[in-house]
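Peer 1: In our numbering, the protein residues as written are 54 to 277.
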DNA sequence: GCATTAACAGCCG
DNA sequence: CGGCTGTTAATGC
């Protein structure tokens, strides 16, 4: 069973649990590693666990009618997702792919449901998270209609900097231009150009293998 | 036309 | 050295 210290480290939401709830959570958690490019779970499969990214980067991907790769979102360390699928006991609506070598934590469905039914703190966390997702998906719809690559990169980055969905994220994010391209649905040269534009607007600063966001508000509302 | 792919040199760790 | 970055030229939708 996982070390209690480790639980606190990888699951931000576990801090608010009562000792009894915490023990339940601890018993239901497992860690697993996935190499770059591997599929953590596929669309259409029942995957009965809530997933947290411990280390690395994961994307949610769906295939459009013509078989084109459409990324929905990037999830990095500290993010938990898939609560919709677990709650409804549904099949996955999308693939989950490791963009780079990644370690995830899995909370099995029974434990998830027990916490949901019995823990006020856990329920509060979930409501907050689901609420944040609503705004997130609204942004996604807009993103689909925006053709300007710079705006798409801005949204992709902004969605990864959300302090509710990613509690430990600061203003800095470790990500390559290649990965940004994958997440925004663009090639690397275009992602590179978009980043340069955002840098010129003083919205972010590009560093080697990462970005520092200077103006999150501007990044979230960028529209041209 | 604009974006993607391929390819290159240069740079960082 | 290996991976990431900035850029360009050729190619495709």
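In this text, a Cβ means the ideal position worked out from N, Cα and C, and glycines have one as well.
Here the structure is a predicted model, which means the values were calculated and not measured.
In the DSSP output, which residue or residues are listed as bridge partners for residue 260?
Peer 2: Beta-bridge pairing links residue 260 to 263.
Peer 1: Does the beta-carbon distance from residue 82 to residue 175 come in below 8 Å?
Peer 2: For residue 82 and residue 175, no; Cβs fall outside 8 Å.
Peer 1: Taking only the alpha-carbon atoms, compute the straight-line gap between residue 213 and residue 67 and give it to the nearest angstrom.
Peer 2: Distance between the alpha carbons of residue 213 and residue 67: 21 Å.
Peer 1: Please specify which runs of the alpha helix (DSSP H), each continuous and at least 4 residues long, are wholly inside the segment 102 to 178, giving them in chain order.
Peer 2: The segment 102 to 178 contains these whole alpha helix (DSSP H) runs: 136 to 141, 162 to 171.
Peer 1: So what does DSSP say about residue 54, is it helix, strand or coil?
Peer 2: DSSP places residue 54 in coil when its eight states are reduced to three.
Peer 1: Could you spell out where the beta strand (DSSP E) holding residue 84 opens and where it closes?
Peer 2: Looking at the DSSP string, the run of the beta strand (DSSP E) that includes residue 84 is 82 to 87.
Peer 1: Quick one: any contact between the segment 140 to 159 and the segment 100 to 109, if contact means 3 or more CB pairs under 8 Å?
Peer 2: Cβ pair count under 8 Å is three or more, so yes.
Peer 1: Can you check the segment 196 to 259 for any beta strand (DSSP E) of at least 3 residues that lies completely inside it and give the ranges in chain order?
Peer 2: Correct list: 225 to 227.
Peer 1: I'd like to check one pair, residue 145 with residue 96: are the Cβ atoms closer than 8 Å?
Peer 2: It is a contact, given that the beta carbons lie within the stated cut-off.
Peer 1: Would you say residue 256 and residue 267 are within 8 Å of each other, going by their C-beta atoms?
Peer 2: Going by C-beta atoms, residue 256 is nearer than 8 Å to residue 267.
Peer 1: Looking only at C-alpha atoms, which of 182, 150, 164, 166 sits nearest to residue 89?
Peer 2: Minimum Cα distance to residue 89 is reached at 150.
Peer 1: Are the beta-carbon atoms belonging to residue 220 and residue 131 less than 8 Å from one another?
Peer 2: Contact flag set, yes.
Peer 1: Would you give the residue range spanned by the beta strand (DSSP E) that residue 71 belongs to?
Peer 2: That residue, residue 71, is in no beta strand (DSSP E); it is neither H nor E in DSSP.
Peer 1: Go through its chain and collect everything with a Cβ distance to residue 209's Cβ below 6 Å, but skip five positions before and after it.
Peer 2: Cβ within range, chain order: 236, 237.
Peer 1: Counting only the same chain and skipping the five closest in sequence on each side, list residues whose C-beta sits under 7 Å from that of residue 252.
Peer 2: So the qualifying residues of the chain are 258, 259.
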